[in-house]
Amino acid sequence: MSPDQEFEDMLDSLEIVAESMEEEHIVPARADQLKRRRTRLNLQTDLLDSKARQHAIYRLYRNSTFRKFGAGFMIVSFIHLLLFLFADGLNPGGRNVFTLFLFIIYLWVSETFPLPVTALMAGVALVLLGEERDAAFSSYASDSVFMILGSLIMAQGISKSGAENLIIQKLLRPFTGSNYSLIFGTIVICSFMAAIIPDHSVAAIMLPIVLTIADKTEIRKRPNEMIALVLAVAFSCSIAGLATPSGGARNVIAMGFLEEIYDIRISYVQWVILAAPLTIALVPLVFLTLIMVNKVSYRSIDYYSESTHSIDDRQLIALSILGLTFFLFLTSGSNGLTLGTCAMIGGILMHVTGVLEWEDSRQRLRWGVMFIYGAALTMGKAMVEHGAAAWLAGGLYKLADYGSDIGGDTVVILMIIVVTVLLTNVMSDGAAAAILVPITLAVGYAADFNLALIAIITAISTAFAFMTSFGTPPNLIVQASGIPRPSDFVRNGLPLIIMSILLLIAAQTYYWDIASGWAGPPFTP
Numbered sequence: 396m397s398p399d400q401e402f403e404d405m406l407d408s409l410e411i412v413a414e415s416m417e418e419e420h421i422v423p424a425r426a427d428q429l430k431r432r433r434t435r436l437n438l439q440t441d442l443l444d445s446k447a448r449q450h451a452i453y454r455l456y457r458n459s460t461f462r463k464f465g466a467g468f469m470i471v472s473f474i475h476l477l478l479f480l481f482a483d484g485l486n487p488g489g490r491n492v493f494t495l496f497l498f499i500i501y502l503w504v505s506e507t508f509p510l511p512v513t514a515l516m517a518g519v520a521l522v523l524l525g526e527e528r529d530a531a532f533s534s535y536a537s538d539s540v541f542m543i544l545g546s547l548i549m550a551q552g553i554s555k556s557g558a559e560n561l562i563i564q565k566l567l568r569p570f571t572g573s574n575y576s577l578i579f580g581t582i583v584i585c586s587f588m589a590a591i592i593p594d595h596s597v598a599a600i601m602l603p604i605v606l607t608i609a610d611k612t613e614i615r616k617r618p619n620e621m622i623a624l625v626l627a628v629a630f631s632c633s634i635a636g637l638a639t640p641s642g643g644a645r646n647v648i649a650m651g652f653l654e655e656i657y658d659i660r661i662s663y664v665q666w667v668i669l670a671a672p673l674t675i676a677l678v679p680l681v682f683l684t685l686i687m688v689n690k691v692s693y694r695s696i697d698y699y700s701e702s703t704h705s706i707d708d709r710q711l712i713a714l715s716i717l718g719l720t721f722f723l724f725l726t727s728g729s730n731g732l733t734l735g736t737c738a739m740i741g742g743i744l745m746h747v748t749g750v751l752e753w754e755d756s757r758q759r760l761r762w763g764v765m766f767i768y769g770a771a772l773t774m775g776k777a778m779v780e781h782g783a784a785a786w787l788a789g790g791l792y793k794l795a796d797y798g799s800d801i802g803g804d805t806v807v808i809l810m811i812i813v814v815t816v817l818l819t820n821v822m823s824d825g826a827a828a829a830i831l832v833p834i835t836l837a838v839g840y841a842a843d844f845n846l847a848l849i850a851i852i853t854a855i856s857t858a859f860a861f862m863t864s865f866g867t868p869p870n871l872i873v874q875a876s877g878i879p880r881p882s883d884f885v886r887n888g889l890p891l892i893i894m895s896i897l898l899l900i901a902a903q904t905y906y907w908d909i910a911s912g913w914a915g916p917p918f919t920p
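Okay, so the sequence shown: first residue is 396 according to our numbering, each after it adds one.
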């Protein structure tokens, strides 16, 4: 084909593009041949003129999404090169997964794309790297994901039925005199409830309750107070989850590894004796952190709630479903049902009984939060299967040998806590516990530490996932409200993590020496 014919074909293509743009109302319809010719010339100039092309590239460069993506891609590419050159103990699959892991974390923290979109990218990228399709996407439909979904649906039912007013009057009503008392009361109530039932269930129920109070006061108009209030729900659920074995999956994982590998069993009461005082001590620390970081000034609030002396049928049904679901949660170890199944039973009953319509769930639920948690699980699983997690944690824990020479046992414990906290903030707390507990127990065994204490220290440290929204389900549920941004988790979570680590070190050094005698074996020689 001659150059002239190629040029004519291109002009014909431009004509088709121009007509299409007119039909889609991208450009106005042409009234005469002059406008038609002008449109063709403009399109021809945009495609063929070098300056126009350079201007288009410049516009692309100015796009913040493109710049964030490009910067992250270059950073992780450089890290991948370093791993290729120096990480001899890491196989090619592990290098690829670890690099992808860092890239996904970067995209989440920088908010380059919407968080659910980045979450789906994780599964797709694993498939492109050679992972089996079922393995890459199975975690998006895990029991934990359905637990979050069911809990959110139940929370919608409680909210729509008006039953939250009943709960508010019984629990939060005494704390509604000021913004300080409301935030503190939220922390106290969530801490008590989440020590008994799963923390994410408490977060899913308490979040709409505190939002209802915020809507009926001026708190909703004050962004700093709103951030402090919703983060009070997330953080208090996390600190309560460490108080009892039933407070989170991470605790059960630690106890399971300890028994399976070293034949050491910890009872429910022994765990409470050692860990529950930490939750009590963390309550005022969470309150002070949220007040100071968000610069919340004290003021009285005027809250009015409707009379709830008479309860209607819908509220009674919603509360009955909630009570049934909590009973199933508490008996999940003996009734054969998983926590996700229990939560979905509650969510389904909300629809079957007419408390919720499907449109309520379809329009009001933030479905993307399930993808985020699924991505955290699938990335953690891939890190374990390809050896990247063991390589990362094992390499970091080699520093313990140097630490013991410098500062003794306390430095070793501190390093275990810090590494655990770092990892639990970039993947789900349960996955972090599954990765680290075997390694920390091995370190403790080599250093002749009490392994029961090492297991509890590791499990408690995984509860300090305050800096990211995807580190623990309560954070994800609060993030789904659309109020806190990822930067808010970092601002509030970092100082709280530092104080929590110091508190855990102090408890291990002073309180546990006394409490171990109360708890008895295996905490005593």
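For every residue, glycine included, the Cβ atom is placed at its ideal position computed from N, Cα and C.
Which residue or residues does DSSP assign as beta-bridge partners of residue i?
{"i": "S573", "result": "S695"}
Along the alpha helix (DSSP H) that carries residue i, what are the first and last residues, could you check?
{"i": "N646", "result": "644-657"}
{"i": "R886", "result": "881-901"}
{"i": "T639", "result": "That residue, T639, is in no alpha helix (DSSP H); it is neither H nor E in DSSP."}
{"i": "R462", "result": "459-481"}
{"i": "H781", "result": "Premise fails: H781 is in no alpha helix (DSSP H) and is neither H nor E."}
{"i": "A754", "result": "According to the sequence as given, residue 754 is Glu; it is not Ala. Residues 753-759."}
{"i": "G552", "result": "538-556"}
{"i": "L372", "result": "An answer regarding residue 372 cannot be provided, because it is not within the stretch 396 to 920 covered by the chain."}
{"i": "F682", "result": "663-688"}
{"i": "R528", "result": "528-532"}
{"i": "G866", "result": "Note, G866: premise wrong, no alpha helix (DSSP H); not H, not E."}
{"i": "T857", "result": "First-last for T857: undefined, no H or E at that position."}
{"i": "T835", "result": "824-841"}
{"i": "L521", "result": "510-523"}
{"i": "I743", "result": "734-747"}
Do residue j and residue i come within 7 Å of each other at the CB atom, strictly closer than that value?
{"i": "S662", "j": "A858", "result": "no"}
{"i": "A777", "j": "L510", "result": "no"}
{"i": "F865", "j": "A784", "result": "no"}
{"i": "G364", "j": "R645", "result": "Given that the chain is displayed from residue 396 to residue 920, the structure contains no residue 364 and the question cannot be resolved."}
{"i": "V625", "j": "C585", "result": "no"}
{"i": "G742", "j": "I474", "result": "no"}
{"i": "A713", "j": "A558", "result": "yes"}
{"i": "N820", "j": "A875", "result": "no"}
{"i": "Q507", "j": "F468", "result": "The residue asked about is misnamed: residue 507 is Thr in this sequence, not Gln. Not a contact, by the Cβ cut-off of 7 Å."}
{"i": "P916", "j": "I659", "result": "no"}
{"i": "V688", "j": "R880", "result": "no"}
{"i": "V492", "j": "H781", "result": "yes"}
{"i": "R693", "j": "Y575", "result": "Note that residue 693 corresponds to Tyr in the displayed sequence, not to Arg. Going by C-beta atoms, Y693 is nearer than 7 Å to Y575."}
{"i": "W786", "j": "L577", "result": "no"}
{"i": "F479", "j": "F579", "result": "no"}
{"i": "L831", "j": "Y768", "result": "no"}
{"i": "L744", "j": "I716", "result": "yes"}
For the candidate residues the options, whose alpha-carbon lies nearest to that of residue i?
{"i": "V873", "options": "S534, Q665, V764, L719", "result": "V764"}
{"i": "I696", "options": "A530, V885, S573", "result": "S573"}
{"i": "I608", "options": "L476, S856, S631, L566", "result": "L566"}
{"i": "A827", "options": "V779, Y657, L524, M687", "result": "V779"}
{"i": "M739", "options": "N486, S556, G552, I470", "result": "G552"}
{"i": "W762", "options": "K793, G877, V691, L732", "result": "G877"}
{"i": "L653", "options": "A854, P869, S895, R886", "result": "A854"}
{"i": "S756", "options": "T815, L719, I706, S554", "result": "S554"}
{"i": "G546", "options": "S505, A530, L602, T773", "result": "Rather than Gly, the amino acid found at residue 546 in this sequence is Ser. Nearest C-alpha to S546: L602."}
{"i": "D843", "options": "T867, D804, L711, T684", "result": "D804"}
{"i": "V816", "options": "F722, S895, I499", "result": "S895"}
{"i": "L711", "options": "S556, R568, L606", "result": "S556"}
{"i": "A590", "options": "G642, L871, R615, Q758", "result": "G642"}
{"i": "K611", "options": "I622, T571, L719, F630", "result": "T571"}
{"i": "P868", "options": "L544, D483, F498, T581", "result": "L544"}
{"i": "L818", "options": "F481, L497, L476", "result": "L497"}
{"i": "H746", "options": "A550, K616, G651", "result": "A550"}
{"i": "S505", "options": "Y906, A623, S882", "result": "S882"}
Looking at chain D, is there any beta carbon in it that lies within less than 7 Å of the beta carbon of residue i?
{"i": "P487", "result": "Here chain D cannot be found, since the structure has a single protein chain."}
For the ligand GDP, is there a heavy atom less than 6 Å away from the beta-carbon of residue i?
{"i": "N458", "result": "Ligands in the displayed structure: none, and consequently the ligand GDP is not present."}
Exercise. Can you find at least 3 beta carbon pairs, one from the segment 883-902 and one from the segment 538-549, that sit closer than 8 Å?
Worked result: no
Problem set entry | Any 3 or more C-beta pairs closer than 8 Å across the segment 822-835 and the segment 846-860 | Pairwise C-beta distances place the segment 822-835 in contact with the segment 846-860, as three or more of them are shorter than 8 Å.
For this session: Take every Cβ of the segment 742-762, pair it with every Cβ of the segment 513-520, and state whether three or more of those distances are shorter than 8 Å.
Result: no
Problem set entry | contact_flag[the segment 667-683, the segment 634-652] where n(CB pairs < 8 Å) is 3 or more | yes
For this session: For the segment 805-822 and the segment 892-904, state whether three or more C-beta atom pairs, one from each stretch, are separated by less than 8 Å.
Result: yes
Exercise. Do three or more CB pairs link the segment 911-919 to the segment 652-669 at distances below 8 Å?
Worked result: Taking 8 Å as the limit for Cβ pairs, the verdict is that the segment 652-669 does touch the segment 911-919.
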